[in-house]
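Residue numbers (the UniProt record's numbering): 1 to 531.
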């Protein structure tokens, strides 16, 4: 009998695995890229959105060590602002020592850090407060500041100076300026054209930065520039002051930034950045990212960058993989960082190599601490068509935060079961609807039938909440853990409690009135008089 060594077995398994792992079988989106001469952006930066949901420093270090290409950080209210800005800091903000610790760690790994501070739109973290309400563009809304008030520039100056006081070795500073939804509406601004207001504010903010450090490159989001005419951009000499970061998170990039816009940018700016996403782009309440869609977004960005880079005098500087934690300051949490770590690694590998296919299998799986395949008939290591969030294929991996990642698969199943049970009990069946509950009018036998599955569904939800808390310990602080459970799981527990309490109330009734039941008095306020 011929003995086959383990090494030979592994080689045979690898050959069999590669044979069944074409791009199509892996579910990798088709984008025409030159894999022999791939376009690789000079800078590949990972964006950490820290607002209102700060990962622990220890977990952030683990993610950074995996990514090794980390850069952009958006602190918002997680920065330990002081002095006049002290009210801006959240109660669970990082300490100055913690931020210095993470900056030193990044420096040891020779990583670039690009702080992002909002200075126009998305100013909710400051303008929500009474102390800064007087510089809102719209009195009842904290979204955008008024660019025409001196106090607005005072706030921006303080924000920038405090960020730069800590980030002493940076080369780039991102000043935001995207989605300025409210502009030209206050009594001072309404006499000015929107374009003029925007460009003047950018000039003022860039001057604040350069007065402090003339060597810093200032970056802004590009969306507010897309519809500003070329002559206005040239007259403002914006190309001498800032670099645009063109952000599109969808698959069809040219749909949002047409060729004519690229031509305009190349006429004004020496260089530009691209911004894709690895999470936080396809739904405000998603809990795990669609890695396939994010991969297509990043691959298409590589295609666009390879084409457009030659138009800029200095080429395109790099790509930032954004990872939004909320759509704005007031929005609920979207995908948490541990649930998105596989998507981050997948897309970072694609942008770092200029493409992604089976040749990156070993690096991808080893980075995520995945066990080696041992099946006699190995299946593809990814199936992005059938498993777009990779929860099935990576179920046995042990990367930092893997327990929470696996929990997302359970969450989906338990959530669907709870939704179906609640809908069936309160809407589809005819004995525990809102009408039955209000009038305490139902058949106890039927009520017993409907709540028969309640303990099982309820236990599934409460057990999931406990498991989620355990999985996030050491990754997020207690406030964030509590918030995530309250937003994702607790609403179902509340609804199930209501069903339980309704069943008790309905079954207490021993005698029922003759029909008809009382007319709904509230109908009168809608012009329906039935008395």
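All C-beta atoms in this analysis are idealised placements derived from N, C-alpha and C, irrespective of residue type, glycine included.
Predicted model, so just to flag it, every value in this text is computed and none were measured.
(request) Check residue 511 in the structure and name its three-state DSSP category. (result) As a position in the chain shown, residue 511 is number 511, starting the count at 1. Reduced to three states, the DSSP call for residue 511 is coil.
**Asked** Alpha carbon to alpha carbon, how far is residue 434 from residue 149?
**Response** As a working mapping, residue 434 is identified with position 434 in the chain shown. As a working mapping, residue 149 is identified with position 149 in the chain shown. Each residue's Cα considered, the two are about 52 Å apart.
- Task: Would you list, in sequence order, the uninterrupted beta strand (DSSP E) runs of no fewer than 3 residues that lie entirely inside the segment 119-158?
- Result: 136-138, 141-145
Using the beta-carbon count (16 or more within 10 Å), is residue 536 buried or exposed?
Examination of residue 536 is not possible in this model, given that the chain is present from 1 through 531 alone.
*asked:* Tell me whether the segment 448-465 and the segment 416-425 touch, counting them as touching only if at least three CB pairs, one residue from each stretch, are closer than 8 Å.
replied: yes
* Going by the beta-carbon positions, is the gap between residue 318 and residue 41 smaller than 9 Å? -> The sequence position of residue 318 within the chain shown is 318, counting from 1. The sequence position of residue 41 within the chain shown is 41, counting from 1. Cβ distance < 9 Å, so residue 318 and residue 41 count as in contact.
*asked:* Using the three-state DSSP reduction, which class does residue 431 fall into: helix, strand or coil?
replied: Taking the first residue of the chain shown as 1, we reach residue 431 at position 431. In this structure, residue 431 counts as coil in the three-state DSSP scheme.
On the three-state DSSP scale, how would you describe residue 264? Position 264 of the chain shown holds residue 264. Residue 264: helix per DSSP, three-state reduction.
Self-check item: Integer Cβ distance of residue 64 from residue 106, believed to fall under 8 Å
Solution: Stepping through the chain shown from its first residue, residue 64 is reached at position 64. Stepping through the chain shown from its first residue, residue 106 is reached at position 106. Confirmed, Cβ separation roughly 6 Å.
Notebook entry, point to check: Identify the residues that DSSP records as bridge partners of residue 276: which are they?
Noted result: For the purposes of this step, residue 276 is taken as the residue at position 276 of the chain shown. DSSP, once it has assigned bridges, lists 321 as partnering residue 276.
Margin query: Along the chain, where does the alpha helix (DSSP H) containing residue 116 start, and where does it finish?
Written below: In the chain shown, counting from the first residue as 1, residue 116 sits at position 116. Note, residue 116: premise wrong, no alpha helix (DSSP H); beta strand (DSSP E) at 114-116.
Do residue 312 and residue 294 have their C-beta atoms within less than 9 Å of each other?
-> Residue 312 sits at position 312 when you count from the first residue of the chain shown. Residue 294 sits at position 294 when you count from the first residue of the chain shown. Cβ atoms of residue 312 and residue 294: not closer than 9 Å.
Backbone CA spacing between residue 190 and residue 467 [nearest angstrom] = Residue 190 sits at position 190 when you count from the first residue of the chain shown. Residue 467 sits at position 467 when you count from the first residue of the chain shown. Taking the straight line joining both Cα atoms gives about 53 Å.
Going by DSSP, what residue range makes up the alpha helix (DSSP H) through residue 305? Counted from its first residue, the chain shown places residue 305 at position 305. Its alpha helix (DSSP H) spans residues 291-308.
Looking at residue 170: is its Cβ nearer than 9 Å to the Cβ of residue 97? By 1-based counting over the chain shown, the position of residue 170 is 170. By 1-based counting over the chain shown, the position of residue 97 is 97. No, these two residues do not count as a Cβ contact at 9 Å.
The segment 516-529 contacting the segment 326-335, beta-carbon criterion three pairs below 8 Å: no
Between which residues of its own chain and residue 216 is the CB-CB distance below 6 Å, once the five residues before and five after are set aside? Here the question's residue 216 lines up with position 216 in the chain shown. Cβ within range, chain order: 173, 209.
- Item | Cutoff 8 Å; reference residue 474; Cβ partners in own chain excluding five residues on either side | Residue 474 sits at position 474 when you count from the first residue of the chain shown. Answer for residue 474: 56, 58, 59, listed in chain order.
task: Could you tell me the boundaries of the beta strand (DSSP E) in which residue 172 lies?
output: Translated into positions along the chain shown, residue 172 becomes position 172. Element bounds for residue 172: 172-174.
- Query: Can you name the start and end residues of the alpha helix (DSSP H) that residue 461 belongs to?
  - Reply: Here residue 461 corresponds to residue number 461 of the chain shown, with the count starting at 1. Looking at the DSSP string, the run of the alpha helix (DSSP H) that includes residue 461 is 454-472.
Query raised in the report: Are the segment 431-449 and the segment 506-513 touching, with three or more C-beta to C-beta distances below 8 Å?
Result: yes
| request: Could you name the residues that DSSP lists as bridge partners for residue 484? | output: On the chain shown, residue 484 is found 484 positions in, with the first residue counted as 1. DSSP output for residue 484 lists no bridge partner at all.
Practice problem: With distances taken Cα to Cα, identify the nearest neighbour of residue 211 among 249, 186, 164, 188. | Solution: Residue 211 sits at position 211 when you count from the first residue of the chain shown. For the residues 249, 186, 164, 188, the minimum Cα distance to residue 211 belongs to 164.
Span separating the alpha-carbon of residue 254 from that of residue 453:
Start at 1 with the first residue of the chain shown, and residue 254 comes out as number 254. Start at 1 with the first residue of the chain shown, and residue 453 comes out as number 453. When rounded, the distance between both Cα atoms is 51 Å.
**Prompt:** Nearest-angstrom Cα distance between residue 28 and residue 414?
**Reply:** Here residue 28 refers to the residue found at position 28 when the chain shown is read from its first residue. Here residue 414 refers to the residue found at position 414 when the chain shown is read from its first residue. Using only the alpha carbons, I get a separation of about 29 Å.
- Chain-order list of residues whose beta-carbon lies under 7 Å from that of residue 13 (same chain, five-residue window excluded): The residue you call residue 13 lines up with position 13 of the chain shown. Low confidence applies to residue 13: its pLDDT is 45, below 50, so where it sits in the model is not reliable enough to give any reading.
- Query: In the DSSP assignment, what are the bridge partners of residue 545?
  - Reply: Outside the displayed span of the chain (1 to 531) sits residue 545, for which this structure offers no information.
Mapping the DSSP letters down to three states, classify residue 4 as helix, strand or coil. On the chain shown, position 4 is the one that residue 4 refers to. Its pLDDT being 47, under 50, residue 4 is placed unreliably in this model, and the coordinates cannot settle the point.
Practice problem: On a CA-only basis, which of 141, 166, 320, 136 is nearest residue 153? Give me that one, please. | Solution: Within the chain shown, the letter at position 153 stands for residue 153. Of the listed residues, the one whose Cα sits closest to residue 153 is 136.
*Under the three-state reduction of DSSP, which class applies to residue 390: helix, strand or coil?*
Mapped onto the chain shown, residue 390 falls at position 390. It is coil, neither helix nor strand.
To the nearest angstrom, how far is it from the Cα of residue 367 to the Cα of residue 283? Taking the first residue of the chain shown as 1, we reach residue 367 at position 367. Taking the first residue of the chain shown as 1, we reach residue 283 at position 283. Taking the straight line joining both Cα atoms gives about 27 Å.
- request: Give every residue of the same chain whose Cβ lies closer than 7 Å to the Cβ of residue 286, excluding the five residues on either side of it in the sequence, and list them in chain order.
  value: Against the chain shown, residue 286 aligns to sequence position 286. If we look at residue 286 and ignore the five residues flanking it on each side, its Cβ neighbours are 334, 335.
Check your understanding: Shortest alpha-carbon distance to residue 546 belongs to which of 130, 159, 128?
Key -> The displayed coordinates of the chain run from 1 to 531. Any statement about residue 546 would go beyond what the structure contains.
Closest by C-alpha distance to residue 500, when choosing among 517, 489, 448, 514:
Position 500 of the chain shown, counted from the first residue, corresponds to residue 500. If we check each option's Cα against that of residue 500, 448 comes out closest.
Are the CB atoms of residue 102 and residue 61 nearer to each other than 9 Å?
-> The residue labelled residue 102 in the question sits at position 102 within the chain shown. The residue labelled residue 61 in the question sits at position 61 within the chain shown. It is a contact, given that the beta carbons lie within the stated cut-off.
* Grab the span of the beta strand (DSSP E) containing residue 258 for me, first residue to last. => Residue 258 sits at position 258 when you count from the first residue of the chain shown. No beta strand (DSSP E) contains residue 258, which DSSP labels as neither H nor E.
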